[in-house]
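A.B. asks:
There are 2 protein chains.
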Amino acid sequence: MDKILRINMGADGGPQFSEEALGDYAGLGGRALTSALINKEVPPLCHPLGADNKLVIAPGLLSGSAAAMSGRMSVGCKSPLTGGIKESNAGGQASQVLARLGYAAIVLEGKPAENKLHKISITKDGVKIVEDNSLCMLGNYDTVDKMKAEFGEKMCCISIGPAGEMKMGAASIAFSDMEQRPTRHAGRGGVGAVMGSKGVKTIVLDDAGMKMRSPKDPDKFKAANKEWVAGLRKHPVTGEGLPAYGTNVLTNVINEAGGYPTKNFMWGQFDTCSKISGETQAETENTRGGEGSATHGCHRGCIIRCSGTYYDKDGHYLTKQPEYETVWAHGGNCGIDDLDAIAMLDRLDDDFGLDTIEMGATIAVAMEAGIAEFGDAEAAINLVKEVGQGTHLGRILGNGAEVTGKVLGVERVPTVKGQAMPAYDPRAIQGIGVTYATSTMGADHTAGYAVATNILSVGGSVDPLKPEGQIELSRNLQIATAAATDATGMCLFISFAILDQPETFQALIDMINAFHGLSLTADDISEMGKSILKNERDFNARAGFTAEHDRLPAYFLNEKLPPHDVTFKVKDEELDQVFNW
Amino acid sequence: MDKILRINMGADGGPQFSEEALGDYAGLGGRALTSALINKEVPPLCHPLGADNKLVIAPGLLSGSAAAMSGRMSVGCKSPLTGGIKESNAGGQASQVLARLGYAAIVLEGKPAENKLHKISITKDGVKIVEDNSLCMLGNYDTVDKMKAEFGEKMCCISIGPAGEMKMGAASIAFSDMEQRPTRHAGRGGVGAVMGSKGVKTIVLDDAGMKMRSPKDPDKFKAANKEWVAGLRKHPVTGEGLPAYGTNVLTNVINEAGGYPTKNFMWGQFDTCSKISGETQAETENTRGGEGSATHGCHRGCIIRCSGTYYDKDGHYLTKQPEYETVWAHGGNCGIDDLDAIAMLDRLDDDFGLDTIEMGATIAVAMEAGIAEFGDAEAAINLVKEVGQGTHLGRILGNGAEVTGKVLGVERVPTVKGQAMPAYDPRAIQGIGVTYATSTMGADHTAGYAVATNILSVGGSVDPLKPEGQIELSRNLQIATAAATDATGMCLFISFAILDQPETFQALIDMINAFHGLSLTADDISEMGKSILKNERDFNARAGFTAEHDRLPAYFLNEKLPPHDVTFKVKDEELDQVFNW
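Order-wise, the sequence lines are chains U and B. Following the numbering used here, the numbering of the first sequence begins with 1 at its first residue and continues without gaps. Following the numbering used here, the numbering of the second sequence begins with 582 at its first residue and continues without gaps.
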């Protein structure tokens, strides 16, 4: 994992690739690498769909190793959705495989003169770039099936659906999972549109013949990994809660807390949420096919296994177990309490290559505009189908909540920096509001998951309804997340364990040190996080972002959220202190 | 003209109005007043369609007086199109009438709880606000006809069409002309959407029983006005060129200069532009109905009379004489060289309440996306009809070029701060490029019409193809325009005479002084202009605008414009000096 693969899709005479040493980027992985490269190489004022933007696909520092939970992938670019820097994070198989193939990153550059599609394959035998317009407008499921037929049962696939080809702001990049299904997505920020603009439909990876990456100090690494796994197993969230019900265990919890955004952020509780909760979902899955939660990890090396598969009423595979944010986006936020409909929406999103969070938020805005009634599941399914077909309405919706709000003349649009808020109302969970407002990414719960401390009492406890303590909380989480998870290739869910268990955090640091022959301290990890955020803030500033963009939409400050009847109370001048460390 | 009429459309129990003295705004008119009020009273981060935005309609300092050319109206708000401050300027009758009714401004505030439409009438007998949902989705022509039936042949009308009701970013506000036709528009920035968000369909004014505003020193005023009129009559542009062929006299001139943006800014010359030139247009008009150029002013007191009427092939009134920018937007920029089709598009825009510049630029972007072929006039007409009908495609287009580019995935979108560029390519006329980039308004030729000095040798001469001298030129024009025309209620076209003839500029200052009992100097006028721009820049900064927003889209720096094969050469650091006076 000591080289970068650059593929110039705009080269004269057709795409060309080259390999180079890490150079300036040595020692960086995942988000640390994507954000450093984008900040250094992409003109901040370029058009996101233009030749000057770059798409960087980078495994983490520990990806491709034996470290448990290390298979997450970072995708970076200038975002078509926000206009700022983007790191979108995904599970799936590709991170481990790309790392074992020896690449710290794939960088797609340039732009083909003509509107042609390509498939790229990367194996131990080299890199091939082939024009293949037969893939045009295929869904991700069909695309993966075609690649499987061509490249075999061991390959893994990075692909875009029709949404990416149509360069939509909500377009995701799909990463196939252990069952070779395109169910894991770098969802946020329209990264799929950038891949589409480069004329790349799919990148197929096969690490056959390549070895697992080996640590500098194998004994220390093995010992640290053992401690690491033990730490994850003993924490109640990673050891019990997530495996039992998946991420959707949160539906009842967040609803109980009054922070479950319902019908386009109009209420903080959804009266029929028990019909779509994790408990109900797990029961449904187990009844139908016996593959409920705790049966699936999203990548090789996962030990939390918070996922499962969702079968339809007839017992046929429909989609992977929809995540909490998806169930919320297509469920409560649209007034929909039908799990089968939500699973169908998840399937359609995965197939068309769409961010489920952005799509659910968008449909709710469209419902507020009168395009459909809140609670009408059939209408919601048809709206997502319109996106996949690229009808005019579909084009509107596929470009996300902010554009949809503009086009339909809606005032209540829950976005920051053009990106839709996820499944936690910032008025009832004020810590996540600070993260939404200030993150370099636009509204993003994964950038600093203050819900942990506001609601789950992980990493201490901060009153969710009050502004006190939220700035420091979000700051620390944003720093820690950038480095400890997004740069290492670790799953975000390890955060629960490392926040509560110092010895588990130390085990992670020990693994990094043993693997790379380093002697980093916790402070060094913190510095790494700050450095990542600094790169991102620098890019965003040069792209025209100011403190005024680190704000929630005005209605969150004026409109009280039932049942707590609370508004967002963190002051602007406090928000401006998040990055003043 | 010493009071402000505030109408709170969101008051409990229905709309309420109040009158107040000018207070802090004493001595301000037109854009000076709108921008001061918006900057002081509107929260910069509010939603443009929300209750906190305000719509300010303000005549100029000399409006309602006997001063020739003083009948322009300023409309201010936070723009739904740009997100920044907006002053959109229009002719028509309302400015003179509102001033004679004694109002320095109407301020629409708040937002009705329900989606209801109102008509407001203002006469010597007072203000009436009446709910009238029968006006819903009427075109401006029908709206004016209804108001004429109700309020008589002397009233003048401020109204929005369906586009404003649908809160589109390209929605204009129509001001009826001397023939009671809704042909004069505050077109830019989506001001019609703000009026629509306030639930106001039309404001009817009648100054029957009110007198012309009288000057403090009638003799001096009369003498200055005489000198003023003589100055305008003797300048070749205001005395000959504009009256003879209207603004469309520019088509051949700008095309000859290679700065006529053709087919979405792909070329700088349009090979069949002679078919849509001012010369051809005047001949067509004269042949059909005998009301070509030089027959119409847009407001009472106009002596340039650059307008006329356009009759269809059967000799029936179709629309007012389309302006140069309209002929360009719907013509050359879309590859269309059919004057009748362009006139029909002008009529449809006026009726639906749409900015012709934004619509033409938008259709060209849609043509680049493949929605229609360049040159297909029938398709263009159908597209504008879709906007009026509010189909999904119509909603996209009605929100302007930037949104359309996003939704359709187009990279080449000629906008600055979200507003489409008008009819002058900034690569071949670099001075106007500086104005486009740096204006507080987004791309706007009227904010500092450097075309005058780059192409027409008015106010000196600066090579249009070179960056040298353009910063100072644009700076001086932006300052002068803000004060001498936009704050006084004067038509922009007086600029030609005051730039070239010091005695004519002095006559304008003498008129202001005699009217208001002041002793302003040319320097004072300049300070007034700076003060206006300072207010606007202050608002924009607090709304999140930075130097990075004072830039042209990247492709104007990278893509050479034929026939001169030139790119925009003014450097970023030079652009940042425009407001460094």
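The beta-carbon is built from N, C-alpha and C at its ideal position, and this holds for glycine as well.
Ends of the beta strand (DSSP E) at Val781 (chain B)?
C.D. replies: The sequence position of residue 781 (chain B) within the second sequence is 200, counting from 1. Run containing Val781 (chain B): Val781 to Leu786, per the beta strand (DSSP E) assignment.
A.B. asks: At a Cβ threshold of 8 Å, is Gly126 (chain U) touching chain B?
C.D. replies: Here residue 126 (chain U) is taken as the residue at index 126 of the first sequence, counted from 1. So, not an interface residue.
A.B. asks: Looking only at its chain, what residues have a beta carbon closer than 8 Å to the beta carbon of Ala922 (chain B), apart from the 5 residues adjacent to it on each side?
C.D. replies: Translated into the one-based positions of the second sequence, residue 922 (chain B) becomes position 341. Around Ala922 (chain B): His911, Ala958, Glu959, Ala961 and Ile962.
A.B. asks: DSSP on His47 (chain U), reduced to helix/strand/coil?
C.D. replies: Residue numbering aside, residue 47 (chain U) sits at position 47 when the first sequence is read from its first letter. Of the three classes helix, strand and coil, the one that applies to His47 (chain U) here is coil, per DSSP.
A.B. asks: Can you tell me where the beta strand (DSSP E) with Val75 (chain U) in it begins and where it stops?
C.D. replies: Counting from 1 along the first sequence, the entry for residue 75 (chain U) is found at position 75. Val75 (chain U) -> beta strand (DSSP E) spans Met73 to Lys78.
A.B. asks: Using the Cβ count rule (16 or more neighbours within 10 Å means buried), how would you classify Ser461 (chain U)?
C.D. replies: By 1-based counting over the first sequence, the position of residue 461 (chain U) is 461. Per the 10 Å Cβ criterion, exposed.
A.B. asks: How big is the Cα-Cα spacing for Leu935 (chain B) and Tyr722 (chain B)?
C.D. replies: Numbered from 1 along the second sequence, position 354 holds the residue referred to as residue 935 (chain B). Numbered from 1 along the second sequence, position 141 holds the residue referred to as residue 722 (chain B). Rounded to the nearest angstrom, the two C-alpha atoms are 13 Å apart.
A.B. asks: With DSSP collapsed to three states, give me the class of His877 (chain B).
C.D. replies: Taking the first residue of the second sequence as position 1, residue 877 (chain B) is located at position 296. His877 (chain B) falls in the strand class under three-state DSSP.
A.B. asks: Would you grab the beta carbon distance between Phe1086 (chain B) and Thr819 (chain B) for me? Rounded to a whole angstrom, and I think it's under 8 Å.
C.D. replies: For the purposes of this step, residue 1086 (chain B) is identified with residue 505 of the second sequence, where counting begins at 1. For the purposes of this step, residue 819 (chain B) is identified with residue 238 of the second sequence, where counting begins at 1. Actually they are not in contact, since the Cβ atoms of Phe1086 (chain B) and Thr819 (chain B) sit about 13 Å apart, beyond 8 Å.
A.B. asks: Measuring only the C-alpha atoms, how far is Gly14 (chain U) from Glu325 (chain U)?
C.D. replies: Walking along the first sequence from the start, residue 14 (chain U) turns up at place 14. Walking along the first sequence from the start, residue 325 (chain U) turns up at place 325. Distance between the alpha carbons of Gly14 (chain U) and Glu325 (chain U): 40 Å.
A.B. asks: Measuring CB to CB, does Thr488 (chain U) end up less than 8 Å from Gly60 (chain U)?
C.D. replies: Translated into positions along the first sequence, residue 488 (chain U) becomes position 488. Translated into positions along the first sequence, residue 60 (chain U) becomes position 60. Result yes, Cβ atoms of Thr488 (chain U) and Gly60 (chain U) sit closer than 8 Å.
A.B. asks: Note down, in chain order, all residues in the stretch 713–733 of chain B with a beta-carbon under 7 Å from any beta-carbon belonging to chain U.
C.D. replies: Cβ contacts with chain U: none found.
A.B. asks: I'd like to confirm something about Val688 (chain B): is its beta-carbon nearer than 7 Å to some heavy atom of the ligand MN, or not?
C.D. replies: Absent from the structure shown: the ligand MN. Ligands present: none.
A.B. asks: Which chain U residues are close to Met776 (chain B), counting only those with a beta carbon under 8 Å from its beta carbon?
C.D. replies: For this step, residue 776 (chain B) is matched to residue 195 along the second sequence. The premise fails here: Met776 (chain B) is roughly 13 Å from chain U at the closest Cβ pair, so nothing lies under 8 Å.
A.B. asks: Near Phe851 (chain B), what residues of its chain come up, given a Cβ to Cβ distance below 7 Å and the 5 sequence neighbours on each side ignored?
C.D. replies: Translated into the one-based positions of the second sequence, residue 851 (chain B) becomes position 270. Here the set comprises Asn836, Tyr841, Thr843 and Gly913.
A.B. asks: Suppose you measure from the CA of Asp337 (chain U) to the CA of Trp328 (chain U); what does that come to, to the nearest Å?
C.D. replies: By 1-based counting over the first sequence, the position of residue 337 (chain U) is 337. By 1-based counting over the first sequence, the position of residue 328 (chain U) is 328. The straight-line gap from Cα to Cα measures roughly 9 Å.
A.B. asks: Leaving out five residues on either side along the sequence, give the residues of the same chain with a beta carbon under 6 Å from the beta carbon of Thr704 (chain B).
C.D. replies: The residue given as residue 704 (chain B) occupies position 123 in the second sequence. For Thr704 (chain B), where only same-chain residues beyond five positions count, the Cβ hits under 6 Å are Asp787.
A.B. asks: Please check if any C-beta of chain B sits within less than 8 Å of the C-beta of Leu117 (chain U).
C.D. replies: The residue you call residue 117 (chain U) lines up with position 117 of the first sequence. So, not an interface residue.
A.B. asks: So, at 7 Å on beta carbons, what are the nonlocal neighbours of Thr1034 (chain B) in its own chain, with the 5 sequence-adjacent residues on each side left out?
C.D. replies: For the purposes of this step, residue 1034 (chain B) is taken as residue 453 along the second sequence, with counting starting at 1. Excluding positions up to five away in sequence, the list reads Gly1012, Gly1040, Gly1041, Ser1042, Val1043 and Leu1054.
A.B. asks: If you follow the alpha helix (DSSP H) that Ser457 (chain U) is part of, which residue opens it and which one closes it?
C.D. replies: Residue numbering aside, residue 457 (chain U) sits at position 457 when the first sequence is read from its first letter. From DSSP, Ser457 (chain U) is part of no alpha helix (DSSP H); its letter is neither H nor E.
A.B. asks: In angstroms, rounded to a whole number, what distance separates the CA positions of Asp350 (chain U) and Glu373 (chain U)?
C.D. replies: As a first step, residue 350 (chain U) is located in the first sequence; it is residue number 350 there, counting from the start. As a first step, residue 373 (chain U) is located in the first sequence; it is residue number 373 there, counting from the start. Using only the alpha carbons, I get a separation of about 24 Å.
A.B. asks: For the stretch 40–56 of chain U, list every residue whose C-beta sits within 8 Å of some C-beta in chain B, in sequence order.
C.D. replies: Cβ contacts with chain B come from Pro43, Pro44, Leu45, Cys46, His47, Leu49, Gly50 and Asp52.
A.B. asks: Below 8 Å between beta carbons is the criterion; list the residues of the stretch 418–443 of chain U that meet it against any residue of chain B, in chain order.
C.D. replies: Residues passing the 8 Å Cβ filter: none.
A.B. asks: Anyone know if the C-beta pair for Met116 (chain U) and Lys198 (chain U) falls short of 8 Å?
C.D. replies: Along the first sequence, one-based indexing puts residue 116 (chain U) at 116. Along the first sequence, one-based indexing puts residue 198 (chain U) at 198. Correcting the residue type first, residue 116 (chain U) is Lys in the shown sequence and not Met. No, they are not a contact pair.
A.B. asks: Rounded to the nearest angstrom, what separates Ser526 (chain U) and Ala483 (chain U) at their Cα positions?
C.D. replies: Walking along the first sequence from the start, residue 526 (chain U) turns up at place 526. Walking along the first sequence from the start, residue 483 (chain U) turns up at place 483. Between Ser526 (chain U) and Ala483 (chain U), the C-alpha separation is close to 7 Å.
A.B. asks: At which residue ranges does the stretch 285–343 of chain U contain complete beta strand (DSSP E) runs of 3 or more residues, listed in the order of the chain?
C.D. replies: You should have 309–311 and 317–320.
A.B. asks: Would you call the CB atoms of Ser88 (chain U) and Gly189 (chain U) closer than 8 Å?
C.D. replies: Locating residue 88 (chain U) in the first sequence gives position 88, counting from the first residue. Locating residue 189 (chain U) in the first sequence gives position 189, counting from the first residue. Yes; because the gap between Cβ atoms is below 8 Å, this pair is in contact.
A.B. asks: Which word fits Val42 (chain U), buried or exposed, when buried means at least 16 other C-beta atoms lie within 10 angstroms of its C-beta?
C.D. replies: Counting from one through the first sequence, the residue named residue 42 (chain U) turns up at place 42. Burial call: buried.
A.B. asks: Name, please, each residue of chain U whose Cβ falls closer than 7 Å to the Cβ of Val984 (chain B).
C.D. replies: In the second sequence, residue 984 (chain B) corresponds to position 403, counting from 1. Per Cβ cutoff of 7 Å: Val403, Lys406 and Val407.
A.B. asks: Run through chain U and tell me which residues come within less than 9 Å of Pro1134 (chain B), C-beta to C-beta.
C.D. replies: Position 553 of the second sequence, counted from the start, is the residue given in the question as residue 1134 (chain B). In chain order: Leu45 and His47.
A.B. asks: By alpha-carbon positions, which one of U:Ser172, U:Tyr103, U:Ile479 and U:Ile512 ends up nearest to Ala193 (chain U)?
C.D. replies: Taking the first residue of the first sequence as 1, we reach residue 193 (chain U) at position 193. Among U:Ser172, U:Tyr103, U:Ile479 and U:Ile512, the Cα nearest to that of Ala193 (chain U) belongs to U:Ser172.
A.B. asks: Rounded to whole angstroms, what is the Cα-Cα separation between Leu492 (chain U) and Leu508 (chain U)?
C.D. replies: For the purposes of this step, residue 492 (chain U) is identified with residue 492 of the first sequence, where counting begins at 1. For the purposes of this step, residue 508 (chain U) is identified with residue 508 of the first sequence, where counting begins at 1. If I take the Cα positions, the gap works out to 13 Å.
A.B. asks: Which chain B residues are close to Asn399 (chain U), counting only those with a beta carbon under 7 Å from its beta carbon?
C.D. replies: The sequence position of residue 399 (chain U) within the first sequence is 399, counting from 1. Within chain B, the residues near Asn399 (chain U) are Lys987 and Val988.
A.B. asks: Give the straight-line distance between the Cα atoms of His299 (chain U) and Ala950 (chain B), rounded to the nearest whole angstrom.
C.D. replies: Within the first sequence, residue 299 (chain U) is the residue found at index 299, counting from 1. Within the second sequence, residue 950 (chain B) is the residue found at index 369, counting from 1. If I take the Cα positions, the gap works out to 39 Å.
A.B. asks: Apart from the five residues just before and just after Lys647 (chain B), which ones in its own chain have a Cβ nearer than 7 Å to its Cβ?
C.D. replies: Within the second sequence, residue 647 (chain B) is the residue found at index 66, counting from 1. A quick correction: the sequence has Ala, not Lys, at residue 647 (chain B). Contacts found: Met793 and Asn806.
A.B. asks: Out of U:Asp510, U:Lys320 and U:Pro162, which has the shortest C-alpha to C-alpha gap to Gly91 (chain U)?
C.D. replies: As a working note, residue 91 (chain U) is residue 91 in the first sequence. Measuring from the Cα of Gly91 (chain U), the nearest candidate turns out to be U:Lys320.
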